[in-house]
Structures are given as structure tokens and as C-alpha cells.
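Just so we're aligned, residue 1 is where the sequence shown starts under the numbering used here, counting upward by one.
Working notes for the structure below.
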Amino acid sequence: MAINSVKGTHDIIGKEAMGYQYIENVFKAVCELYGYRPLVTPILEHTEVFTRATGEASDVVRKEMYTFLDKGGRSLTLRPEGTAGAIRCLVEHKLAATNDLPLKYYYFGPVFRYERPQLGRYRQFIQAGIEAVGEDSPYLDAEAIVIAMRTLDFLGFQNLKVKVNSLGDQASRDAYRNALRDYFRPHLDSMCADCQERFKLNPLRMLDCKVPSDIELGKNAPNISDYLSDEAEKRFYKTLSLLNALGVEYEVDPGLVRGLDYYGQVVFEVHATSSSGADYGALLGGGHYDGMLSDFGGDKSIDHGVGFAMGVERLYSILQEDGKLEGVDPGLDIYLMPLGEDVLPDCFELAEQIRGLGYTVSLPYEKLKMGAMFKRAERANAKFAIIVGSDEIAMGEVQLKNLATKEQISAKIETLQETLDSLFGETEEGHHHE
Ligand code: AMP
1 MAINSVKGTH DIIGKEAMGY QYIENVFKAV CELYGYRPLV TPILEHTEVF
51 TRATGEASDV VRKEMYTFLD KGGRSLTLRP EGTAGAIRCL VEHKLAATND
101 LPLKYYYFGP VFRYERPQLG RYRQFIQAGI EAVGEDSPYL DAEAIVIAMR
151 TLDFLGFQNL KVKVNSLGDQ ASRDAYRNAL RDYFRPHLDS MCADCQERFK
201 LNPLRMLDCK VPSDIELGKN APNISDYLSD EAEKRFYKTL SLLNALGVEY
251 EVDPGLVRGL DYYGQVVFEV HATSSSGADY GALLGGGHYD GMLSDFGGDK
301 SIDHGVGFAM GVERLYSILQ EDGKLEGVDP GLDIYLMPLG EDVLPDCFEL
351 AEQIRGLGYT VSLPYEKLKM GAMFKRAERA NAKFAIIVGS DEIAMGEVQL
401 KNLATKEQIS AKIETLQETL DSLFGETEEG HHHE
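Next comes the structure, spelled out in C-alpha cells:
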């Protein structure tokens, strides 16, 4: 019987694999522009990492985690998001004690959630995210949004919708929770079981409910903006003015509360639809958080962070649909064509020699007809063919064919480097290995 991939997971193959790598490269390059550094934490963590950090009230923790006992009887969990593991790591290694603050890191890797698979929703998917930790600043909050936007801009996204909101400080949220309870209390009997639970644990999350009648009710709920303390409001306006200064467009969405309980101050989401109108959901979400470091035994006096995570599958789907990934296949510089099995050993060595010069080379290790080799060269998106027969080898020569212009020349093996450098220097986009 055939064995297929696990429900909600997907293989990343061919063009798609190149697209994902391209997204990763752009994301990393942008993060580096802002002085963020890579962080790779384990996918596997003690379950406690997530139950502590995301709060017992969050849906991710209660319902969606891949949690199991290992053979030693420990409860382990495949990470459902990147922030908690990052903070666990920063605290465990006391990075705040030996580095300037804020600690600025980015990550790119798989996360796991037991959700119902649907368009733009997987059980294993990739998140690309950043965390700036250890300093409480609206500049850092704004910078996180700017990094996200610059990444999307570099990738070629247009028509993005940036939603921002402030959840204020603890006092603002306490006042708001009470107001929400007062509002929802008379309707509670008609609401879903989850919302009844959320009412007790954290009524903010009732605004995140996906049940249509509950969404309807939520529309007339009080707004957090009316409950922000003066200080929280000032802070929010500061963040917005920093975005204005950089020309980042946004819309304040008072209904945006975001799933995880540790969020406070600014929260944000970016949405986009493909040109066909397909809606894959939010491209990314993030916000400021307080109190997570001390959950892991970290220093209370620097207990602040801000970050975002974007869904790489969703980025890919939209870019692909909109034809923005056409140029990501780097192709092959050279397809080497051995004329007969006799020259295979020479070609095997020659290919290695050319790779040493920095050119990408592929060649068949079986006897193929010329026509078949040209087909392969075309499928490999090769720029040049180097044709090698035993006569040529005897003379220390090869035939070099530009596969776009069909021009063919003889080239001395001895001076191949000069020949290739000048040929590749002439091609339109230049030589991409330089
Ligand atoms: P969250 O950690 O829930 O704020 O999610 C951050 C981003 O990850 C979202 O904006 C999506 O782009 C992406 N995402 C979340 N859940 C899924 C999923 N099940 N499948 C694919 N992407 C997801």
C-alpha cells in the first residue's frame, strides 16, 4: 500500500522549493539590514515552554498542540509558534547579561498546529519571524512593523492591508476586560462553549471567535481604544507617528486583539489577497509583549519584547498566483555533454574543474544522444552547453554553445576560465556567482 504524507502537511518540491528558499533569503537579508541575527531553537520543547508562555486560556495551547510523552515519560511538544522557544533560549543562556539590549533575532522554520486543514491552513507550516527583546520602546514596536513591510515589499507584494491596534498596558486591559464582561454577560447563554470559557479566563479572546453569531455580537462590543490609559494612548500614538514618518500606511482596527495572552501595547496584522481575489488569511501577525521573560525565570526589569511571525505558505501561494516567482529558478550555467562513454571520465573531471571556477555544472552519467542532451539542457534551464568528444579531448578543446543565441565556438580547455568569464560577463544579468 502506498504511504502518503500526513494530513495537513505538505512536500515542498521543484519550483515551490526554490520559491520557499527565495522567500527565506529575502527575509534573512531584510532582517540583517536591521541588525537582527539568526536564531535556531529546537522544534521539540518541554510542553511547559508553551503552557507557561502562551497562557492556559489561549486556543493554541488548549487545543492545537502536538503534545506527546517521549520514551522517558517527558511531556514534549512540537512548537506551535516561535516566540516562546526563543524567549526560553535567551533566558536559559542569559544572553541579556552579556549582550547589549535589545536582543534582536530572526528565525525561519516549521511550526505545528492541530488545526482543520483548509486553504492557507496547514498542520505543519513554516513561520518566519523576529523578536526584539529586553527593551520597552515604541521605536522597536514600529521597527517590527517596518521590517515586515520591507520584506513584503522586496518580495513584490502590493495592495497590503496593515491593521494595527493597541491593547494598552495592564491597567487598560483590566478595565477593558471588565467592560467586555459587562457587555457579553447578558448574551452568554447563546454563545459558543469556547466563548463561555473565554468569558471566565480572558474575555478579550471572545473577539477572536470564529463562530458567525459570536462575530456578529462582537461587532458591537466596546472598543479597547476607549479604555486605554493616557500613557498607553500616548505610546500608541508615538508608534503610529513613527510609522507615518516612514510612510508606512496602516489602518487602526479596534477589533484586532490577536490570539495569545501575553500581548500588550501595539498588535498588528498584515493581510493581502492575490489578484484572483483568493484570501489566504493574515500574512503575518505580531505585537508587543510583556512578562514572558520572567515566566522563564528571566529578569523582570527587562521583561519586554516585540515580534511578528509570517506564514511562509501564505506568502508563497500569493506570490506564485500573481506570477512574482518566475525568475527564482537560477537555472544552470553549463550543461556538459559527453559524446560517448569514452569521454565520461574526462568530463567527470572537467565538470569538477569548471565548478571550481564558480560555475554551476550538470552532466549525464550515461550514454545519451545529442538531441536528448539538448532537451535535458533546456529543462535544466542551462545557459551554455559544453560539448566534449574524444577528438576534442585529444586536442585539449571543447565546443561551447550559447543555448540562447545558438552561437558555437571552440575553446581551449587551458584557457576555459578566461573564455567563460568573458562569455558570462557578456550575458545580460552578468554572472550570478560573482
Ligand atoms: P500566529 O502565530 O497565529 O499569529 O500566526 C502568524 C502567521 O502564521 C499567520 O498570519 C499566518 O500567516 C501563519 N499561519 C498561522 N496558522 C497557520 C496555519 N495553520 N497554516 C499556515 N499558516 C498559518
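Yeah, the Cβ is synthetic: ideal placement off N, Cα and C, and Gly gets one too.
Please classify His433: is it buried, with 16 or more other beta-carbons within 10 angstroms of its beta-carbon, or exposed? With a pLDDT of only 47 at His433, under 50, the local geometry of the prediction cannot be trusted, and the value read off the model is given with reservation. Counting C-beta atoms within 10 angstroms of its own C-beta, His433 has fewer than 16 neighbours from the protein chains shown and is therefore classed as exposed.
Beta-carbon within less than 6 Å of Asp322's beta-carbon, same chain only, minus the 5 sequence neighbours each way: which residues are those? Spatial neighbours of Asp322 in its own chain (CB-CB distance under 6 Å, excluding positions within 5 residues in sequence) are listed in chain order as Ser274 and Ser275.
Where does Phe348 land, buried or exposed, given buried means 16+ other C-beta within 10 angstroms? Around the C-beta of Phe348, fewer than 16 other C-beta atoms lie within 10 Å, and the residue is accordingly described as exposed.
Nearest to Val252 (by Cα), restricted to the options Ser166, Glu216 and Asp329: For the residues Ser166, Glu216 and Asp329, the minimum Cα distance to Val252 belongs to Ser166.
Any heavy atom of the ligand AMP closer than 6 Å to the beta-carbon of Leu284? Remark: the shortest separation between the CB of Leu284 and any heavy atom of the ligand AMP falls under 6 Å.
Does the distance between the C-beta of Glu24 and the nearest non-hydrogen atom of the ligand AMP fall short of 6 Å? No; taking the cut-off as 6 Å, the Cβ of Glu24 has no heavy atom of the ligand AMP nearer than that.
Assign Arg258 to one of three DSSP states: helix, strand, or coil. Correct three-state label for Arg258: coil.
Opposing strand residues paired with Val252 [DSSP bridges]: According to DSSP, Val252 bridges with Val164.
If you measure from the CB of Ala97, is any heavy atom of the ligand AMP nearer than 6 Å? No.
Grouping DSSP H, G and I as helix and E and B as strand, with all else coil, what is Gln158? Gln158 falls in the coil class under three-state DSSP.
Whether or not the region 91–105 and the region 265–272 are in contact is what I'm after, with contact meaning three or more pairs of Cβ atoms, one per stretch, closer than 8 Å; do they touch? Touching, no, given that fewer than three Cβ pairs across the two stretches are closer than 8 Å.
Between Leu243 and Ile145, which are expected to be in contact by the criterion C-beta below 8 Å, what is the C-beta distance as a whole number of angstroms? Contact holds; Cβ gap of about 6 Å.
Going by alpha carbons, who is nearest to Glu233 out of Cys209, Asp194 and Ala171? Checked all of Cys209, Asp194 and Ala171; the closest Cα to Glu233 is Ala171.
Taking the DSSP output, what are the residues bridged to Arg121? For Arg121, which the question treats as bridged, DSSP gives the partners Gln118.
In whole angstroms, what is the alpha-carbon distance linking Thr9 and Tyr280? Between Thr9 and Tyr280, the alpha-carbon positions lie close to 16 Å from each other.
Going by C-alpha distance, which of Asp153, Thr67 and Glu92 is nearest Leu437? Here the chain comprises residues numbered 1 to 434, so residue 437 is not present and cannot be evaluated.
If I follow the unbroken alpha helix (DSSP H) through Asp329, where does it start and stop? It is not in any alpha helix (DSSP H) - Asp329 carries neither H nor E in the DSSP assignment.
By how many angstroms is the C-alpha of Gly425 removed from the C-alpha of Thr41? For Thr41 and Gly425, the distance between alpha carbons rounds to 41 Å.
Ala84 beta carbon less than 7 Å from that of Phe50: In this structure, Ala84 lies closer than 7 Å to Phe50 by Cβ.
For Thr151, tell me which candidate among Leu180, Thr98, Thr239 and Leu33 has the shortest Cα-Cα distance. Comparing Cα-Cα distances from Thr151 to each of Leu180, Thr98, Thr239 and Leu33, the minimum goes to Leu33.
Can you give me the Cβ contacts of Glu231 inside the same chain, cut-off strictly under 7 Å, excluding the 5 residues immediately before and after it? Correct list, in chain order: Asp169.
When the Cα of Glu131 is compared with those of Ala372, Pro345 and Leu293, which residue comes out closest? For the residues Ala372, Pro345 and Leu293, the minimum Cα distance to Glu131 belongs to Leu293.
For Glu397, is the beta carbon positioned less than 6 Å from some heavy atom of the ligand AMP? No, the beta carbon of Glu397 sits no closer than 6 Å to any heavy atom of the ligand AMP.
When you compare each of Arg79, Gly331 and Pro212 to Thr53 by their alpha carbons, which one comes out closest? This sequence places Ala at residue 53; Thr is not what is there. Comparing Cα-Cα distances from Ala53 to each of Arg79, Gly331 and Pro212, the minimum goes to Arg79.
Beta-carbon within less than 7 Å of Arg235's beta-carbon, same chain only, minus the 5 sequence neighbours each way: which residues are those? Residues of the same chain with a CB within less than 7 Å of the CB of Arg235, apart from the 5 flanking positions on each side, are Pro138 and Gln265 in chain order.
Would Ile23 pass as a contact of Val398 if the rule is Cβ separation under 7 Å? No, Cβ-Cβ distance for Ile23 and Val398 is not below 7 Å.
Determine the contact status of Glu64 and Tyr114, defining contact as a CB-CB distance below 7 Å. In terms of Cβ geometry, Glu64 and Tyr114 form a close pair [threshold 7 Å].
Near Glu249, which residues of its chain fall below 7 Å by C-beta distance, leaving aside the five closest residues on each side in sequence? Closer than 7 Å at Cβ, skipping near neighbours: Val162.
Which residue wins for smallest C-alpha separation from Lys412, given the options Thr405, Lys406, Cys192 and Leu400? Considering only alpha carbons, the answer is Leu400.
Residue range of the alpha helix (DSSP H) that includes Leu315: Val312 to Glu321 is the span of the alpha helix (DSSP H), which, as asked, contains Leu315.
Ends of the beta strand (DSSP E) at Thr506? Outside the modelled stretch of the chain, which goes from 1 to 434, sits residue 506, for which no answer is possible.
Could you check whether the Cβ of Gly456 sits closer than 6 Å to any heavy atom belonging to the ligand AMP? With the chain running from 1 to 434 in the structure shown, residue 456 is simply not present.
Roughly how many angstroms separate the alpha carbons of Gln21 and Pro110, rounded to a whole number? The alpha-carbon separation between Gln21 and Pro110 amounts to approximately 13 Å.
Less than 7 Å between the beta carbons of His288 and Asp141, yes or no? Between His288 and Asp141, the C-beta spacing is below 7 Å.
Check whether Ser301 and Leu332 have beta carbons under 7 Å apart: Using a Cβ distance threshold of 7 Å, Ser301 and Leu332 do not count as a contacting pair.
Between Glu131 and the ligand AMP, is there a pair consisting of the residue's CB and a ligand heavy atom that are separated by less than 6 Å? For Glu131, the shortest C-beta to heavy atom distance toward the ligand AMP is 6 Å or greater.
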